[in-house]
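According to this note's numbering, the stretch in the sequence shown is residues 2 to 518, in order.
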Amino acid sequence: MGGARSRGVRTVAGVMLAGLLAAACADGDVRPQAAATGAPPRTGELTWGTCPEPSEAEAQVWGAAEHRPAYARHAARLRCGTLTVPADWTAPQGRRLELAVALLPSTGDGPAEPLALNPGGPGVSGRLMPIGIASGGARALLDRYDLVGLDVRGTGRSGPATCPAAESLDAGPQPAAPTHRTARAYWNRLARAHATCAEADPARLASLTTTNAAHDLDALRRALRAPRLHYYGVSWGTSLGATYRTLFPTHSGRTLLESVVSPDPDLRGLLDGVTRAREQRFEHFTAWLAARSDRYGLGTTADEVRTRLLALRERLTTRPLRTSDSTYGRVETDQYLDAEPADRAGAGAALSSLARGRAPAGDGDGKPRTAAPPLVAPFAGTALLCSQVTHAASFAEQWSAYGERRTAYPVLGATRPMFPGSGEVPGTSTCAGLPAPERPPVEPGRADGPLLLVAHRDEVITPLPWARAMRARTGGSLLVVGDGEHGGMAGGGCAGRIVEFFAGAEGAAAEGGVCEP
Numbered sequence: 002m003g004g005a006r007s008r009g010v011r012t013v014a015g016v017m018l019a020g021l022l023a024a025a026c027a028d029g030d031v032r033p034q035a036a037a038t039g040a041p042p043r044t045g046e047l048t049w050g051t052c053p054e055p056s057e058a059e060a061q062v063w064g065a066a067e068h069r070p071a072y073a074r075h076a077a078r079l080r081c082g083t084l085t086v087p088a089d090w091t092a093p094q095g096r097r098l099e100l101a102v103a104l105l106p107s108t109g110d111g112p113a114e115p116l117a118l119n120p121g122g123p124g125v126s127g128r129l130m131p132i133g134i135a136s137g138g139a140r141a142l143l144d145r146y147d148l149v150g151l152d153v154r155g156t157g158r159s160g161p162a163t164c165p166a167a168e169s170l171d172a173g174p175q176p177a178a179p180t181h182r183t184a185r186a187y188w189n190r191l192a193r194a195h196a197t198c199a200e201a202d203p204a205r206l207a208s209l210t211t212t213n214a215a216h217d218l219d220a221l222r223r224a225l226r227a228p229r230l231h232y233y234g235v236s237w238g239t240s241l242g243a244t245y246r247t248l249f250p251t252h253s254g255r256t257l258l259e260s261v262v263s264p265d266p267d268l269r270g271l272l273d274g275v276t277r278a279r280e281q282r283f284e285h286f287t288a289w290l291a292a293r294s295d296r297y298g299l300g301t302t303a304d305e306v307r308t309r310l311l312a313l314r315e316r317l318t319t320r321p322l323r324t325s326d327s328t329y330g331r332v333e334t335d336q337y338l339d340a341e342p343a344d345r346a347g348a349g350a351a352l353s354s355l356a357r358g359r360a361p362a363g364d365g366d367g368k369p370r371t372a373a374p375p376l377v378a379p380f381a382g383t384a385l386l387c388s389q390v391t392h393a394a395s396f397a398e399q400w401s402a403y404g405e406r407r408t409a410y411p412v413l414g415a416t417r418p419m420f421p422g423s424g425e426v427p428g429t430s431t432c433a434g435l436p437a438p439e440r441p442p443v444e445p446g447r448a449d450g451p452l453l454l455v456a457h458r459d460e461v462i463t464p465l466p467w468a469r470a471m472r473a474r475t476g477g478s479l480l481v482v483g484d485g486e487h488g489g490m491a492g493g494g495c496a497g498r499i500v501e502f503f504a505g506a507e508g509a510a511a512e513g514g515v516c517e518p
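What follows is the structure, encoded as C-alpha cells:
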C-alpha cells in the first residue's frame, strides 16, 4: 500500500521529458461515445476532452525512462475524459463529482472490452496506469483489452481532497520506541487536524469510501457501454476490486487482485499481521546470514546470528557509532534488521561492519532505497482506508495493541508497522479524529467472473495469509510469486501470467500455483 517501495513501480518509473503528453489525445476512432456538449453533464456521462499535461510526479512514475519510445507512442493514442458521478450513491440526485478517466484503446483487430486498473495506495493516481502497463511486461494485454485508468474520487485530478493541517504535521525525530506521553500528544495533534478538516466539509469526507468508489467503477462500466468490467488491482486496489465484485457480481469480468489486503477490517488485526510477517522475515534473514557465515561472520546458525544481532542493536542503542557525517544507533540498526530479501546482501554487509565497530561502506548499505515520487493524495487515501477498517478511533486501544506487539514480536514490534493505517508514531493510527463511517465496509463475497489472487511469498505489507483469507471468502485461485515485492508483478518475470489470465488461458494462469520470477 502507500509509502512502500515497489519494484513494479520502479520498472514503470523514470524521468521523461516535459511535454510528452502535450496534444496526447489524437482524434482517432475510439469505441466509447462522447457525451453531448452544451448542457452540464448528467450523472453517469463520460465526456471526452483533451489530455492534460502530466505533473512531474505523473511523468516520473508512469513515464518509464527505459521505455520512453513506447510511452510516447501510447501517449499519442490516449483518450482522456471526465465521468460525472454522485458524491453519495445513496443520494444520486444530490451533489456531483467529476472523475478523471483515461483510456488506451486496444491495438487488436477484434472487439475489445474494458480492463480497469488501480495501483492502490489507497489514493494513488491511476489515470496514467494504462501507459505504465502497456510499456512493460504485460503489454500484450492491449491485444484484446482497452486499458482504463481512473483517479479514484478525492485523488489525482478527481477533485483531490486535502487536509493541510494533517498533511503538514511533523511527528519529529522518532526514538526507538515512543512513550505513552509522546504517542498521545501526536494522536491529539493529528485528531485535531482531522477534526478541523472534517468539520469544513463533512459531506465531502463522508463520500470518500471504498463502497462509493466501487459504485463509480460500475458507472464507468455503464458509460463505456460494456456488459462487464474486467479489473486488475494492486494493494488497496484489491479491496476496491473485491468490493466491486461483491456489489456487482453479474457485471464482474475477469479479476486479478495482487498483494491482497485482508478481508478482515479490524485495524488491530491488520497491524498485528504486518508485524508478524516482518518478524518472520527477520528469522529468514538470520538463516540466510548463517548460510553465508564465511562472508558475513555473524554466526553459523540462525540462533547464533539472531543473538549476535540483537546484542549489536542493544550496544548501538546505548553507544551509537558516530562518524563525521553519520550516526548508527537503534533506528539505523532496525532498518538493517528489517531488510527486504532483495536488500539482504547490503544489509548483511552493513551489519557485519557494525559488528566490527566500523561504519558501513558505500551507498549499497542495505537501507531502504529511494522510491519514485508518490502520487498519493494523503487525506483522501486516509479517508478511503479508514472507511474500510474498524476499531481505529480509540487511542487507548491502539496503544494497548502496540504494547502487546512489542512483547509478542521483540525484534521489530516496537517499530512502525508497514501499513498505512499506522500513524507516523507507533501506537497511533492515521484514522485519529476522523468520524466513524456511516455504514460498515462491504463483506467480500463471490461473483460470476474468474478471479485470480496473487500474493508475493515474502512480502510484509500485505502478507501471504491475507490472500489466503480473501480466497476463503471470495473463491478463485491463488498464485504465489516467489519474491518479497509489494505489487510489481506487471514489471517482473511473472508478467506473462497476467497476460495468460486475462487471455482466458486454461492451466497454470487460471489455477494459480507458484511463479518464480
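Note that beta-carbon positions come from the ideal geometry of N, C-alpha and C, so glycine has one too.
Keep in mind the model is a prediction, meaning the values are calculated, not measured.
Taking DSSP as the reference, what is the three-state secondary structure of A415? coil
Is the distance from the Cβ of S208 to the Cβ of P123 below 9 Å? no
Straight-line Cα distance separating R229 from L22: Legend: pLDDT at L22 = 29, less than 50; position of this residue unreliable, value from coordinates given subsequently. When rounded, the distance between both Cα atoms is 30 Å.
Is G50 close to chain C? Criterion is C-beta to C-beta, closer than 9 Å. Absent here is chain C; the protein component of the structure consists of one chain.
For G513, count the other beta carbons within 10 Å of its own beta carbon; 16 or more makes it buried, fewer makes it exposed. Which is it? buried
Which term fits Q34, buried or exposed, when burial requires 16 or more other beta carbons within 10 angstroms of its beta carbon? With a pLDDT of only 39 at Q34, under 50, the local geometry of the prediction cannot be trusted, and the value read off the model is given with reservation. Answer is exposed; the Cβ neighbour count stays below 16.
Can you give the Cα-Cα distance for D30 and A351, rounded to whole angstroms? No answer about D30 holds up, because its pLDDT of 34 lies below 50 and its placement is not dependable.
If you draw a straight line from the C-alpha of V481 to the C-alpha of T416, how long is it? 27 Å
If I follow the unbroken beta strand (DSSP E) through P87, where does it start and stop? R80 to P87
Helix or strand or just coil, what does DSSP make of E486? coil
Tell me whether the segment 338 to 351 and the segment 279 to 291 touch, counting them as touching only if at least three CB pairs, one residue from each stretch, are closer than 8 Å. yes
For L191, the nearest candidate out of S327, D273 and C164 (CA to CA): C164
Report the residue ranges of all alpha helix (DSSP H) runs contained in full by the segment 280 to 320; include only those spanning at least 4 residues, in chain order. 294 to 297 and 303 to 319
Exposure of Q94, with buried meaning 16 or more beta-carbon neighbours within 10 Å: exposed
List the endpoints of the continuous beta strand (DSSP E) containing V235. L230 to V235
Assuming Y245 and L116 make a contact with CB atoms under 8 Å, what is their CB distance in whole Å? So it is not a contact: roughly 13 Å between Cβ atoms.
Member of T463, G494 and G488 whose CA lies at the smallest distance from the CA of G274: T463
Where L22 falls: helix, strand or coil (DSSP): Because the pLDDT at L22 is just 29, under 50, the model does not fix this residue reliably, and the point stays unresolved.
Are the beta-carbon atoms of L317 and F283 separated by less than 9 Å? no
Got a sec: does the ligand SAH put a non-hydrogen atom nearer than 8 Å to the Cβ of L258? No copy of the ligand SAH occurs in the structure displayed, which carries no ligand at all.
Taking the straight line between their C-alpha atoms, what separation do you get for G494 and R80? 29 Å
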